[in-house]
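*Asks:* In this note's numbering, the protein residues as written are 55 to 186.
A virtual CB, placed ideally from N, CA and C, is assigned to each residue, including glycine.
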Amino acid sequence: MHHAAACITIANAQYRLAAPGERADYTVRLDPAAAVPDVRLQLTASIDEADFVLIGESDAAPRCDDAPGTRTIAIDRSAPAPDLTIAFARPDMPADYRIYVQGGPIAPETAAALYAAAQIPARRLAAATRSN
Numbered sequence: 055m056h057h058a059a060a061c062i063t064i065a066n067a068q069y070r071l072a073a074p075g076e077r078a079d080y081t082v083r084l085d086p087a088a089a090v091p092d093v094r095l096q097l098t099a100s101i102d103e104a105d106f107v108l109i110g111e112s113d114a115a116p117r118c119d120d121a122p123g124t125r126t127i128a129i130d131r132s133a134p135a136p137d138l139t140i141a142f143a144r145p146d147m148p149a150d151y152r153i154y155v156q157g158g159p160i161a162p163e164t165a166a167a168l169y170a171a172a173q174i175p176a177r178r179l180a181a182a183t184r185s186n
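Shown next, in the form of structure tokens:
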């Protein structure tokens, strides 16, 4: 059982950071220099502009309840074959998703990686639909 890692719930599915050494369901590489990232995220200062909002209400990170189907996410800045490569867009650049994070113990980059990883199943379904 893992209760220590940050977790978010999106559409009745939980996504949590994998513990060090734990095999993750998805590996996300944060690469600000990626020429063609899978997802380009933008951290925004406005809730109104955000596609995803995370507001921390305490000093404790949100926890998963070890429900079946909880997906684990590893953030590896040097992963050679990640499931997803994320780059962060400047305010003057287009972005696939905009994230707003206020307070709490989850770093904005971690929240962004968890959110982007939660989009992997839908992205794979869309890609499979396009290829048929």
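1) With distances taken between CB atoms, is the gap from LEU95 to ALA143 smaller than 8 Å?
2) Keeping to the same chain, check which residues put their C-beta closer than 6 Å to that of ALA167; ignore five residues upstream and five downstream.
3) Considering only C-alpha positions, which residue in the set GLY123, THR164, LEU84 is nearest to ALA67?
4) If we ignore side chains and look at the alpha-carbon of each, how far apart do PRO159 and ALA72 end up?
5) Reducing DSSP to helix, strand and coil, say where THR63 ends up.
*Replies:* Checking against the coordinates, here is how it stands:
1) yes
2) VAL82, ILE129
3) GLY123
4) 16 Å
5) strand
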